[in-house]
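In full-length UniProt numbering, the protein residues as written are 1 to 471. Even glycine gets a Cβ: it sits at the ideal position worked out from N, Cα and C. What you are looking at is a predicted structure, and each value in this text was computed from that prediction instead of being measured.
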Ligand SMILES: [Zn+2]
């Protein structure tokens with residue numbers, strides 16, 4: 001009989017299809033076999049995980065680890081430690097760092113920082129802005145996981161690109177097959193309304209929502225989808241917060257547009273009533289909206305309009321999260337370490353099925369960004385990224401126990417379920433009995449492998465028309 005490096009024995013294996021008792025055999029960092037209890041035979045090492053549920057390591061496609069450039073907020077070591085402790089074994093890091101990975105050189109420098117410090121595997125976003133267009137294909141060659149396009153302003157000095165540049169970028173990226181994630185809010189509406197509200201003396205927490213009305217998200221979502229559909233580019237809608245945008249996404253999917261969408265736990269659990277209570281802690285872009293938005297997002301997770309969960313983990317120093325006026329407060333919330341536990345509380349309450357959670361938090365993000373089935377799967381051949389969870393644990397989030405540099409957040413005291421006991425990354429235990437035991441630098445960069453691209457209107461691209469003019 002075959003021998004394994006490691007067998008996890010006696011657990012309940014959870015996949016998007018089912019949860020049932022079984023053993024997992026691991027060799028050379030990969031899952032080598034999955035079998036009924038007691039059927040796997042010899043192993044160099046056997047770990048008894050009786051009573052625990054084994055989930056594929058979470059894939060969080062939206063984190064800001066702030067490194068390089070803003071390491072007083074977070075860095076690769078602290079951010080990836082928080083990820084590991086939250087059962088997240090793969091992260092995709094956003095490009096609003098300084099310098100931004102907008103050239104092959106800056107991308108390589110960021111990769112070196114992450115490789116030296118990361119506790120978990122990672123992909124790196126390239127920046128899509130007005131100036132990065134000549135560098136997009138070199139960034140793909142370097143292994144960019146995807147591109148991020150900020151359609152409005154963000155943390156860091158990164159002006160949003162013009163519509164002309166976004167369309168040209170989609171024309172360049174469509175034949176490369178790589179996905180572009182957009183922050184879809186209309187910059188002009190946001191700037192105009194913020195200016196007028198400030199003039200009117202509004203400084204309260206609600207003013208942040210008032211400056212970013214639903215229609216600003218609906219319009220930008222529609223525009224991004226129009227450009228992606230025209231060019232045949234793959235698109236991802238980041239941090240969907242808004243009920244009114246959902247029909248736009250649903251209709252695009254029905255037309256066959258290659259668009260995926262994510263939402264984040266803070267849009268599912270908080271609403272404008274929490275803005276009063278939490279003030280600047282809940283200043284987040286896009287804003288926390290109304291109760292009916294949260295309810296619509298839960299439904300959209302079930303009907304497939306929203307494909308997956310991400311955290312938009314976006315830490316700031318405590319003094320940046322306070323201010324006299326809401327306009328002075330930095331925008332973002334931590335979340336990479338708490339996502340699993342707040343979502344498993346919803347599972348415990350019967351709001352979400354455990355198998356659906358695994359699909360939303362692990363398989364679907366891996367699929368959307370070309371990492372599946374190496375990531376997001378417990379099938380033989382997959383990387384042995386496995387989280388052993390004690391589902392009997394129920395409690396509340398304690399910010400003092402979190403590993404982010406600045407963990408105090410709106411999640412403190414929030415209901416939680418499921419204690420992360422052990423985490424394996426490529427067969428190596430990085431969390432043992434709830435304690436971080438992995439070393440910084442264990443994480444590796446992973447490159448996306450996307451399906452064959454399907455560009456459209458290729459004879460009408462800016463490049464094609466430019467060549468035509470020179471004939
Ligand atoms: Zn973000």
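Notebook entry, point to check: What residue does the alpha helix (DSSP H) around residue 446 start on, and which one ends it?
Noted result: Taking the chain shown and counting its residues from 1, the one referred to as residue 446 is at position 446. Element bounds for residue 446: n/a, residue is neither H nor E.
Item checked: Coil, strand or helix - residue 262 by DSSP -> To locate residue 262, count along the chain shown from 1; it is residue 262. Strand.
Next item on the list: Taking only the alpha-carbon atoms, compute the straight-line gap between residue 351 and residue 273 and give it to the nearest angstrom.
Entry: Here residue 351 refers to the residue found at position 351 when the chain shown is read from its first residue. Here residue 273 refers to the residue found at position 273 when the chain shown is read from its first residue. Those two C-alpha atoms are separated by around 21 Å.
Check: Residues bridged to residue 149 by DSSP?
Finding: The count along the chain shown starts at 1 and reaches residue 149 at position 149. Its beta-bridge partners are 182.
Next item on the list: Would you mind stating whether residue 136 and residue 227 have Cβ atoms separated by less than 9 Å?
Entry: As a working note, residue 136 is residue 136 in the chain shown. As a working note, residue 227 is residue 227 in the chain shown. No, they are not a contact pair.
Next item on the list: Name all residues in chain order for which at least one heavy atom of ligand 1 lies closer than 6 Å to the residue's CB.
Entry: 62, 64, 94, 312, 314
Check: Are the segment 391 to 411 and the segment 325 to 337 in contact at 8 Å, needing three or more beta carbon pairs?
Finding: yes
Next item on the list: Quick one: residues in its chain with C-beta nearer than 6 Å to the C-beta of residue 232, no 5 flanking neighbours on either side, listed in chain order?
Entry: By 1-based counting over the chain shown, the position of residue 232 is 232. The answer, listed in chain order, is 174, 454, 455, 456.
Checklist line | Burial state of residue 466 (16 or more Cβ within 10 Å) | finding: The sequence position of residue 466 within the chain shown is 466, counting from 1. Flag for residue 466 reads exposed.
Notebook entry, point to check: According to DSSP, which residues form a beta bridge with residue 333?
Noted result: The count along the chain shown starts at 1 and reaches residue 333 at position 333. In DSSP, residue 333 forms a bridge with 313.
Checklist line | Reduced DSSP secondary structure (H/G/I, E/B, other) of residue 202 | finding: Locating residue 202 in the chain shown gives position 202, where the first residue counts as 1. Residue 202 falls in the coil class under three-state DSSP.
Checklist line | Residue of 340, 400, 221, 68 minimising C-alpha distance to residue 56 | finding: Numbered from its first residue, the chain shown carries residue 56 at position 56. Among 340, 400, 221, 68, the Cα nearest to that of residue 56 is on 340.
Note to self: To the nearest angstrom, how far is the alpha carbon of residue 387 from that of residue 152?
What the structure shows: Residue numbering aside, residue 387 sits at position 387 when the chain shown is read from its first letter. Residue numbering aside, residue 152 sits at position 152 when the chain shown is read from its first letter. Going from the Cα of residue 387 to the Cα of residue 152 covers about 36 Å.
Check: Going by C-alpha distance, which of 46, 311, 448, 328 is nearest residue 318?
Finding: Position 318 of the chain shown, counted from the first residue, corresponds to residue 318. If we check each option's Cα against that of residue 318, 328 comes out closest.
Check: On the three-state DSSP scale, how would you describe residue 221?
Finding: By 1-based counting over the chain shown, the position of residue 221 is 221. Residue state, collapsed to three classes: helix.
Next item on the list: Take residue 432 and list the residues in its own chain whose beta-carbon comes closer than 7 Å to its own, dropping the five residues that flank it on each side.
Entry: The residue labelled residue 432 in the question sits at position 432 within the chain shown. Excluding positions up to five away in sequence, the list reads 422.
Margin query: Quick check: the Cα distance between residue 472 and residue 459, rounded to an integer number of angstroms?
Written below: The first residue shown for the chain is 1 and the last is 471, placing residue 472 beyond what the model contains.
Item checked: Coil, strand or helix - residue 554 by DSSP -> In the structure as shown, the chain begins at 1 and stops at 471. Residue 554 is therefore absent and cannot be evaluated.
Notebook entry, point to check: Are there three or more Cβ pairs, one per stretch, closer than 8 Å when the segment 28 to 40 is compared with the segment 287 to 301?
Noted result: no
Note to self: Taking 8 Å as the limit between beta carbons, can you name the residues of its chain near residue 96, skipping five residues before and five after?
What the structure shows: Residue mapping note: residue 96 aligns to position 96 of the chain shown, counting from 1. Closer than 8 Å at Cβ, skipping near neighbours: 64, 127, 148, 150, 154, 155, 156, 158.
Next item on the list: Express the C-alpha separation of residue 133 and residue 260 in angstroms, rounding to a whole number.
Entry: Taking the first residue of the chain shown as 1, we reach residue 260 at position 260. Taking the first residue of the chain shown as 1, we reach residue 133 at position 133. Using only the alpha carbons, I get a separation of about 23 Å.
Note to self: Restricting to runs no shorter than 4 residues, where is the alpha helix (DSSP H) found entirely within the segment 344 to 402?
What the structure shows: 354 to 358, 364 to 368
Notebook entry, point to check: According to the neighbour-count rule (16 or more other Cβ atoms, all chains shown, within 10 Å of its Cβ), is residue 203 buried or exposed?
Noted result: On the chain shown, position 203 is the one that residue 203 refers to. The residue in question, residue 203, is exposed, as its Cβ has fewer than 16 Cβ neighbours within 10 Å.
Notebook entry, point to check: Who does residue 126 pair with in a DSSP beta bridge?
Noted result: Along the chain shown, one-based indexing puts residue 126 at 126. According to DSSP, residue 126 bridges with 147.
Notebook entry, point to check: Starting from residue 30 and walking both ways along the alpha helix (DSSP H), at which residues does that stretch end?
Noted result: One-based indexing of the chain shown puts residue 30 at position 30. Not the alpha helix (DSSP H): residue 30 falls in the beta strand (DSSP E), residues 30 to 35.
Next item on the list: With DSSP collapsed to three states, give me the class of residue 239.
Entry: As a first step, residue 239 is located in the chain shown; it is residue number 239 there, counting from the start. Looking at residue 239 - three-state DSSP - the assignment turns out to be coil, as it is neither helix nor strand.
Check: In whole angstroms, what is the alpha-carbon distance linking residue 417 and residue 123?
Finding: One-based indexing of the chain shown puts residue 417 at position 417. One-based indexing of the chain shown puts residue 123 at position 123. Distance between the alpha carbons of residue 417 and residue 123: 28 Å.
Notebook entry, point to check: Are the segment 72 to 82 and the segment 109 to 120 touching by the rule of at least three beta carbon pairs closer than 8 Å?
Noted result: yes
Check: Which residues bound the beta strand (DSSP E) around residue 133?
Finding: Position 133 of the chain shown, counted from the first residue, corresponds to residue 133. Where residue 133 is concerned, there is no enclosing beta strand (DSSP E), given that its DSSP letter is neither H nor E.
Item checked: Proximal residues to residue 316 (C-beta, below 7 Å), its chain only, five neighbours per side dropped -> Here residue 316 is taken as the residue at index 316 of the chain shown, counted from 1. Correct list, in chain order: 73, 330, 332, 406.
Check: Using a Cβ-Cβ cut-off of 7 Å (strictly less than) and excluding sequence neighbours within five positions of residue 27, which residues of its own chain qualify?
Finding: As a position in the chain shown, residue 27 is number 27, starting the count at 1. Counting only Cβ-Cβ distances below 7 Å, and skipping sequence neighbours, we find 4, 5.
Check: Which partner residues does residue 417 have in the DSSP bridge list?
Finding: Here the question's residue 417 lines up with position 417 in the chain shown. Answer is 394.
Note to self: Using the three-state DSSP reduction, which class does residue 158 fall into: helix, strand or coil?
What the structure shows: Position 158 of the chain shown, counted from the start, is the residue given in the question as residue 158. Coil at residue 158, not helix or strand.
Margin query: What does the alpha-carbon distance come out to for the pair residue 121 and residue 42?
Written below: Translated into positions along the chain shown, residue 121 becomes position 121. Translated into positions along the chain shown, residue 42 becomes position 42. Cα to Cα, residue 121 sits roughly 29 Å from residue 42.
Check: Per DSSP, residue 12 forms a beta bridge with which residues?
Finding: If you number the chain shown from 1, residue 12 lands on position 12. Residue 12 pairs with 21, 53.
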